[in-house]
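Going by our numbering, the sequence shown opens with residue 227, and the numbers climb by one from there. No residue lacks a Cβ here, since even glycine has one placed at the ideal position from N, Cα and C. Only a predicted model underlies this, so the values are computations on that prediction, with no experimental measurement involved.
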Amino acid sequence: YNTFTDMIDYMTKEIMLIESINEGYPQAILSANGKEHFLKQLEGIVESVKQNRTKTEKRQQGEKSKRDILNIQFQQLIEKCSLNNTIII
Numbered sequence: 227y228n229t230f231t232d233m234i235d236y237m238t239k240e241i242m243l244i245e246s247i248n249e250g251y252p253q254a255i256l257s258a259n260g261k262e263h264f265l266k267q268l269e270g271i272v273e274s275v276k277q278n279r280t281k282t283e284k285r286q287q288g289e290k291s292k293r294d295i296l297n298i299q300f301q302q303l304i305e306k307c308s309l310n311n312t313i314i315i
């Protein structure tokens with residue numbers, strides 16, 4: 227559930243970003259200062275996206291590690307139950 231909610235949030239932000247760029251571009255190209263300001267804003271956006279990506283990748287790695295630990299614990303419990311069933315029989 228959280229993954230889908232995050233995905234929707236990122237897609238919504240992406241749409242808003244694209245719309246903002248689309249709206250600002252025609253006015254930005256009218257002057258040299260406008261172009262420079264527009265490019266600086268885009269560079270800031272790119273840097274923000276890179277930071278978000280890094281943060282998301284770290285979060286994903288953390289979740290994978292948790293999953294792997296839980297999977298190992300689950301396998302150990304299955305082996306323990308199997309061993310107990312063998313002893314009882």
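The alpha-carbon separation between D294 and M242 amounts to approximately 36 Å. Non-local C-beta neighbours of F264 in its own chain, meaning closer than 8 Å and more than five positions away in sequence, comprise G250, Y251, A254 and I255, ordered along the chain. If you look at L243, you'll find it in the alpha helix (DSSP H) that goes N228 to A254. For S257, the three-state secondary structure derived from DSSP is coil.
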